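First to last, the sequence lines map onto chains A and B.
Quick note: to get the numbering used here, add 307 to the position in the first sequence (first position is 1).
Quick note: to get the numbering used here, add 123 to the position in the second sequence (first position is 1).
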Amino acid sequence: MVAIFKIDRPEILTRIWAFISGTAWPVLVDVIAQPMLWLAVAALVFGSRVLSLAEVWRKGQPYAERIPGATAFARYREKRAFRRIGPPPTGVRLAAARIQEAFLGDIDDKYLPTLHALRLVLRAGPIFLGSYIFVYNLVIILGNYLDRSINWLFGGHEAQFWVRWEPVFALLQDALVEPVRLCLLAVAFRRCLELFAQRSSVSGPLEVAEPGPQVPAMATAEARS
Amino acid sequence: MRVARSKAVGVLAAVVLVALSAIGLRLSDPEEQKFEVINGVVGQPVRVNDGEVSVTQVSVGSVLKQFGQIQDSTDGMFVAIRVTGAATGPRPLELNAARLLSGDVRYEGYQLSSGVSAEPGFQTTTDVVFEVAPALIDDLTLEIGSNEVLHGYQQRVRIMLGITPANAEQWRTAAKGLIEPINNTTRAIP
């Protein structure tokens with residue numbers, strides 16, 4: 308087949324690689340990944356009511372329910388057995404706390420919030436994400452043209468000039484562009500939470516600790532904070 | 124069926140918006156415009172930074188003679204461009220990065236041949252030498268600017284040398300002989 312159509316495989320591979328490195332990768336990194344990651348960072352900063360590892364483990368059940376004899380409705384025999392067990396010695400409790408912090412602390416502090424933030428962003432739907440990416444890049448384009456305007460206005464100069472004036476121009480540019488970008492991130496994050504809450508109220512109770520009907524209120528209140 | 128179709132429309136809309144963003148970013152990319160281009164012609168001085176630069180002569184050859192002896196020969200073509208830089212302002216003129224452009228082709232200076240620099244009140248004339256491929260000399264243009272480690276939006280002078288596709292053959296024919304570029308000569312600005 309390859310011989311009949313005289314397909315030049317190295318040439319095809321070279322062109323595919325050129326497309327990936329020259330077009331696809333820059334688009335992926337600059338156009339898509341950057342706005343998405345900034346939104347995920349916004350979710351981390353504003354907070355998105357992340358579950359801890361222990362909560363994930365429990366899957367929404369009260370911890371006491373998983374220990375025989377710990378609840379008020381447990382059988383008498385189990386209650387007696389539970390009382391006999393008693394709390395572990397202080398040393399064991401301390402060691403357990405230290406081990407938990409050492410091995411699982413990072414999961415609760417870093418990885419779960421990041422994962423949850425990314426999940427929140429990615430589940431917002433293609434129309435929201437497309438629009439958000441478009442508006443985010445519009446702000447960046449505005450910044451680029453501002454940069455060009457400054458260059459056009461002041462013209463080319465030697466390094467001495469730019470060492471002195473570049474911080475002033477950068478401040479001017481940031482003062483105009485950054486507030487718009489931050490507002491966009493805040494609005495997009497709030498919309499993300501709303502979409503997340505809408506979806507969970509349609510498809511049933513959330514995995515988040517509180518029961519279903521209260522979640523939209525929580526989500527919007529959190530966005531406000 | 125309706126849900127699947129609306130989802131497909133959503134994905135399509137997102138792809139279109141991402142494509143528009145990519146095009147916008149590409150068009151506005153600040154990396155595309157790193158310097159201000161000042162165009163000039165042979166024989167006319169061009170103002171740049173704290174001075175003026177001009178090209179007064181272009182000579183071609185295949186054998187290079189320097190300090191009274193044959194230095195090198197090439198299967199291609201040597202181009203020697205006489206450049207004069209005058210520091211008319213209060214600071215020195217340093218145009219130490221010269222290259223030749225022909226479409227997408229870029230030729231760097233031959234060996235240590237670079238640009239021209241002059242102290243305030245003085246002008247320096249030198250021949251900047253390039254080794255080029257005779258087949259790739261259409262619209263040959265000298266680009267000269269500062270080679271700064273730390274730089275912002277710079278100025279670069281571009282001077283068309285008058286080698287066009289129409290007369291390129293004549294230049295190739297003329298490049299059979301010997302050229303003897305001059306070294307730096309400095310004098311006070313008259």
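For glycine and all other residues, C-beta sits at the position ideal for the given N, C-alpha and C.
This one's a predicted model, so the numbers in the text were calculated from it and none came from an experiment.
Chain A has a Cβ within less than 8 Å of the Cβ of S144 of chain B. In the DSSP annotation of this structure, the continuous segment of the alpha helix (DSSP H) that includes G450 of chain A starts and ends at P433 to F461. Shown here, Y230 of chain B sits in a strand according to DSSP, grouped into three states. As a beta-bridge residue in DSSP terms, Q180 of chain B pairs with B:R205. Neighbours of P433 of chain A in chain B, taken as residues whose beta carbon is under 8 Å from its own, are K130, G133, V134, A136 and A137 in chain order. Three or more beta-carbon pairs separated by less than 8 Å link the segment 242-262 of chain B to the segment 210-218 of chain B, which places the two stretches in contact.
A straight-line Cα-Cα distance of about 17 Å links L216 of chain B and G462 of chain A.
Against chain B, the CB of G329 of chain A has no partner CB under 8 Å away; the residue lies outside that interface. Using a CB distance cut-off of 8 Å, D152 of chain B counts as an interface residue toward chain A. When DSSP states are grouped into helix, strand and coil, D173 of chain B belongs to the coil group.
Judged by DSSP in its simplified three-state form, R506 of chain A adopts helix.
Residues of the same chain with a CB within less than 8 Å of the CB of K157 of chain B, apart from the 5 flanking positions on each side, are Y276 and Q277 in chain order. C-alpha of A291 of chain B to C-alpha of E159 of chain B: approximately 28 Å in a straight line. The beta carbon of N219 of chain B sits closer than 7 Å to those of S237, G238, S240, S269 and N270, all from its chain and outside the five residues before and after it, given in chain order.
Cβ-Cβ separation between A381 of chain A and Y439 of chain A: approximately 50 Å, too far for a contact (criterion under 8 Å). Interface annotation, V338 of chain A: in contact with chain B, CB-CB separation under 8 Å. Ranked by Cα distance from R229 of chain B, the options B:L187, B:D152, B:D261 and B:V171 are led by B:D261. In terms of Cα proximity to G184 of chain B, the closest of B:G163, B:D195, B:L265 and B:R310 is B:D195.
By the rule that beta-carbons nearer than 8 Å mark a contact, E473 of chain A touches chain B. Collapsing the DSSP output to three states places K188 of chain B in a strand.
Straight across, the Cα-Cα distance linking V484 of chain A with L478 of chain A is about 10 Å.
Counted as a single uninterrupted DSSP element, the stretch harbouring Q341 of chain A is not any beta strand (DSSP E) but the alpha helix (DSSP H) occupying residues Q341 to F353. Nearest C-alpha to A258 of chain B among B:S144, B:F201 and B:A145: B:F201. Taking G226 of chain B as the centre and dropping the five residues before and after it, the same chain places the C-beta of L259, D261 and D262 closer than 8 Å to its C-beta, in chain order. Q192 of chain B has its alpha-carbon roughly 45 Å from the corresponding atom of W469 of chain A. Rounded to whole angstroms, the separation of the alpha carbons of V338 of chain A and I305 of chain B is 52 Å.
Secondary structure at I193 of chain B: strand, using DSSP grouped into helix, strand and coil.
For R430 of chain A, there is no enclosing beta strand (DSSP E), since its DSSP letter is neither H nor E. For E473 of chain A, the secondary structure class from DSSP, reduced to helix, strand or coil, is helix. With fewer than 16 neighbouring CB atoms inside 10 Å of its own CB, G398 of chain A falls in the exposed class. Buried is the label assigned to V176 of chain B, since at least 16 other Cβ atoms lie within 10 Å of its Cβ. Contact of V141 of chain B with chain A is assigned, a C-beta pair being separated by under 8 Å.
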